[in-house]
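Enquirer:
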Amino acid sequence: MKGEVNTEKLEFYVTVEYYKHNKHATQNLEVENPYAQYYKPKPYQPPVIPKAKGSPAEQKPASQKEEKGIIDTAIDKMKELWDWGESKGTATKEKSPTILKPEGRSAVSVGELKKEERKEEEKLIIFPLLVKPENDTGNKWGKSRNWTAKQGSNMTTFNSNRDKGKRKHAARDLYTKPYETIVAIADGVVLEVKSFYCKTHQITVRHTLKDGRDFIIRYGELDPKSIKVKENDKVTQKMELGKTGKLLKYIPRTKEYIPLMKIEGETIFMIHFEHFMGSLGFDIKKNPLSNGNKPYNRRPDLIDSLAILQEGYNNSFGIKPISNDSREEGFTEHHARKALLYIYNKYGRDIAVIVEKMYRLETTHFTSEQYRNCGTGGMEVHGPPPYYGWDPTTFNKHSEYTPIGTWSHMEGKGLSRQGGNAQEKSKPKMFVKLPSVLAGMEYKAEYIQRYNGNYARWYNANETSAQEKYRESLKGIKSKIVDDFKDEK
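Heads up, the sequence shown is in the working numbering, so the first residue is 295 and it goes up one at a time.
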């Protein structure tokens with residue numbers, strides 16, 4: 295209470311303690327002093343500064359310092375003042391005083407700091423791209439291939455099917471423009487750099503954060519020539535690791551490498567982003583990330599990388615990613631491309647060209663409702679399950695191609711009145727639904743072989759005139775996908 299003059303009320307100050315990034319304060323309160331009646335302060339008397347006898351100071355009047363009773367440590371030490379000089383000056387406020395920001399625990403004055411004066415919180419995680427991905431909401435592939443969608447809902451998400459359902463996708467895929475820069479999401483140490491998938495590379499990094507998190511990220515499908523780091527290198531947040539690469543599939547028949555991912559004629563580049571908790575250790579030579587364990591062919595501490603990508607996205611771009619949970623709209627041209635790659639490699643170019651043209655004619659270039667829902671373009675139901683009246687030869691050889699049901703819809707015009715079946719207008723027709731586009735394409739390829747190359751028999755088994763019209767219809771159709779297999783290396 296030292297220094298208080300009004301003993302009826304005493305002012306108390308509150309000490310504020312800071313913990314991590316949080317702070318709080320109470321307001322000053324005035325309380326009645328119950329002991330005021332017992333305490334009567336003496337009138338304030340300024341202290342006397344002693345002056346040496348015979349000195350200049352003794353001959354001068356009191357200085358401004360004396361009159362205000364200011365005593366400093368120099369007087370305390372030297373005991374007697376010998377002389378003094380004094381001049382008048384003016385102090386002008388040119389800028390605000392610096393406000394010291396407390397670190398740890400300290401006593402401070404209560405008050406809210408201005409927003410611009412607060413220390414920006416450290417961002418422990420950032421996004422692995424410097425730009426938003428092409429399959430982000432609002433971008434080119436954000437509707438059908440959104441990286442934020444629910445598990446398994448499209449090809450880019452964690453837990454989506456691979457190899458006709460034989461395994462599951464172990465990552466989130468972020469589509470990019472060609473050779474986009476990939477950066478470290480946090481400080482860490484490189485555990486491994488090696489070849490990965492379809493002529494791309496991967497970088498595996500152990501990230502150890504200040505908040506105690508310790509985990510592994512596999513940055514996959516990078517361009518091999520762009521890699522900037524090597525095993526045991528230390529990386530810092532936002533340090534460039536490499537660039538997104540082009541996935542290339544080898545065709546033994548022609549000894550060509552062709553793009554694996556192509557949508558609507560555009561080759562897709564991406565980063566394949568895997569997240570391991572690290573609970574199985576960080577010696578990945580002793581305990582590799584990839585193995586034969588189903589369904590992901592990865593070790594068990596693999597988790598969906600969505601959460602950490604969302605955290606980094608928010609820190610890098612200042613907003614939370616907008617989730618898009620709409621499912622991919624059935625079979626697309628991408629599925630046709632992957633199936634034709636297989637047909638091209640197994641049956642050769644000529645059959646692949648015919649199969650593509652047949653599909654384009656029957657599916658309106660892979661856009662029809664029947665194609666999106668069934669994976670085929672012209673397989674009507676005309677018998678009981680499981681094969682619905684169709685020759686079971688292919689289904690018996692490939693049990694994974696067995697029809698999975700039926701789908702009904704009003705029939706399109708097709709080649710009605712041109713030698714084909716008459717268009718049914720009064721009621722919906724039933725169509726065979728297959729598990730994949732490859733099932734329908736291989737069924738056609740084996741059919742063509744079984745009938746010595748007479749693919750037109752697929753359209754009409756008996757009338758040669760109808761078969762000829764079918765051949766003429768296919769002549770005017772370009773096999774754009776298979777033509778890419780020849781031209782691109």
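Yeah, the Cβ is synthetic: ideal placement off N, Cα and C, and Gly gets one too.
Please classify Tyr-745 as buried or exposed, where buried requires at least 16 neighbouring CB atoms within 10 angstroms.
Expert: exposed
Enquirer: What residue does the alpha helix (DSSP H) around Gly-606 start on, and which one ends it?
Expert: Here the alpha helix (DSSP H) through Gly-606 covers 600-611.
Enquirer: Grouping DSSP H, G and I as helix and E and B as strand, with all else coil, what is Asn-690?
Expert: helix
Enquirer: Taking only the alpha-carbon atoms, compute the straight-line gap between Arg-765 and His-569 and give it to the nearest angstrom.
Expert: C-alpha separation (whole angstroms): 52 Å.
Enquirer: Only counting the same chain, and skipping five residues up and downstream in sequence, which positions put a Cβ closer than 7 Å to that of Asn-639?
Expert: The beta carbon of Asn-639 sits closer than 7 Å to the beta carbons of Ile-545, Pro-546 and Arg-547 from its chain, once the five residues preceding and following it are set aside; these are given in chain order.
Enquirer: Assuming Thr-688 contacts Glu-650 under a Cβ cut-off of 8 Å, what Cβ separation, rounded to an integer in Å, is found between them?
Expert: About 18 Å; that fails the 8 Å criterion.
Enquirer: Taking C-beta to C-beta, are Val-647 and Ser-767 nearer than 7 Å?
Expert: no
Enquirer: Below 8 Å, how does it come out for the stretch 748-764 and the stretch 659-671: are there three or more Cβ pairs, yes or no?
Expert: By the C-beta criterion, the stretch 748-764 is judged not to be in contact with the stretch 659-671, since fewer than 3 inter-stretch pairs fall below 8 Å.
Enquirer: Apply the 10 Å Cβ neighbour rule to Glu-416 and answer buried if 16 or more other Cβ atoms are within range, or exposed otherwise.
Expert: When all chains shown are included, Glu-416 counts as exposed.
Enquirer: Quick one, which of Ile-557, Gly-436 and Phe-563 has its alpha-carbon nearest Leu-241's?
Expert: The structure shown does not extend to residue 241, since the chain spans only 295 to 783, so no value can be given for it.
Enquirer: Please classify Phe-779: does DSSP put it in a helix, a strand, or coil?
Expert: Phe-779: helix per DSSP, three-state reduction.
Enquirer: Pick out whichever of Cys-668, Thr-530, Asn-690 and Ala-464 has its Cα sitting closest to the Cα of Pro-422.
Expert: Thr-530
Enquirer: Just reading off the beta strand (DSSP E) that Gly-734 is part of, what are its end residues?
Expert: That residue, Gly-734, is in no beta strand (DSSP E); its alpha helix (DSSP H) goes 731-744.
Enquirer: In angstroms with no decimal places, state the Cα-to-Cα distance between His-315 and Asn-585.
Expert: Caution is warranted here: a pLDDT of 45 is assigned to His-315, below 50, making its placement in the model unreliable, and the coordinate value is therefore given only provisionally. About 42 Å.
Enquirer: Which residues in the same chain as Thr-498 place their Cβ atom closer than 6 Å to its Cβ, once the five residues preceding and following it in sequence are excluded?
Expert: Leu-485, Glu-486 and Arg-512
Enquirer: Could you please give the first and the last residue of the uninterrupted alpha helix (DSSP H) stretch that includes Gln-496?
Expert: Per DSSP, Gln-496 belongs to no alpha helix (DSSP H); it is in the beta strand (DSSP E), 495-502.
Enquirer: Report the CB separation of Pro-518 from Gly-539 in whole angstroms; it is logged as a contact under 8 Å.
Expert: 7 Å
Enquirer: Can you tell me whether DSSP reads Ile-369 as helix, strand or coil?
Expert: Because Ile-369 sits at a pLDDT of 46, beneath the cut-off of 50, its placement in the model cannot be relied upon, and the following sentence gives the value as read from the coordinates. Ile-369: helix per DSSP, three-state reduction.
Enquirer: Could you give the distance in angstroms between the alpha-carbon of Val-425 and the alpha-carbon of Ala-630?
Expert: Going by the C-alpha atoms only, they are around 30 Å apart.
Enquirer: Can you tell which of Tyr-737, Met-533 and Thr-475 has its C-alpha closest to the C-alpha of Asp-481?
Expert: For Asp-481, the nearest C-alpha among the options comes from Met-533.
Enquirer: For the alpha helix (DSSP H) containing Ser-759, name the first residue and the last one.
Expert: Taken as a continuous stretch (DSSP letters only), the alpha helix (DSSP H) holding Ser-759 covers 758-769.
Enquirer: Starting from Glu-474 and walking both ways along the beta strand (DSSP E), at which residues does that stretch end?
Expert: Where Glu-474 is concerned, there is no enclosing beta strand (DSSP E), given that its DSSP letter is neither H nor E.
Enquirer: Do Ile-476 and Ile-565 have their beta-carbon atoms positioned less than 7 Å apart in this structure?
Expert: Yes. Within cutoff.
Enquirer: Opposite Phe-570 in the DSSP bridges: which residues?
Expert: Partner(s): Ile-510 and Leu-596.
Enquirer: Pull the bridge partners of Asn-455 from the DSSP assignment, please.
Expert: Lys-462
Enquirer: Which stretch, first to last residue, makes up the beta strand (DSSP E) that contains Pro-724?
Expert: The amino acid at residue 724 is misidentified as Pro; the sequence shows Met. Looking at the DSSP string, the run of the beta strand (DSSP E) that includes Met-724 is 723-727.
Enquirer: Between which two residues does the beta strand (DSSP E) carrying Leu-635 extend?
Expert: Under the DSSP assignment, Leu-635 falls outside any beta strand (DSSP E), being part of the alpha helix (DSSP H) whose first and last residues are 627-641.
Enquirer: Let me confirm a value: Met-735 is counted as buried when at least 16 other C-beta atoms fall within 10 Å, else exposed. Which label applies?
Expert: buried
Enquirer: Classify Val-776 as buried or exposed, calling it buried when 16 or more other Cβ atoms lie within 10 Å of its own Cβ.
Expert: buried
Enquirer: When the distance is taken between beta carbons, is Asn-429 closer than 7 Å to Thr-451?
Expert: The answer is no: Cβ separation not under 7 Å.
Enquirer: Are there 16 or more other CB atoms within 10 angstroms of the CB of Met-652, so buried, or fewer, so exposed?
Expert: With 16 or more other Cβ atoms within 10 Å, it is buried.
Enquirer: Might you give, ordered along the chain, the residues of its own chain that have their beta carbon closer than 7 Å to the beta carbon of Val-731, omitting 5 neighbours on each side?
Expert: Excluding sequence neighbours, Val-731 sits near Phe-625, His-629, Ala-630, Ala-633 and Gly-669.
Enquirer: Grab the span of the alpha helix (DSSP H) containing Glu-674 for me, first residue to last.
Expert: Glu-674 -> no alpha helix (DSSP H), and no H or E assigned at all.
Enquirer: Should Thr-657 be listed as close to the ligand ZN, given that the test is whether its C-beta is under 6 Å from any heavy atom?
Expert: Of the ligands one can find in the structure shown there are none, so the ligand ZN has no counterpart to examine.
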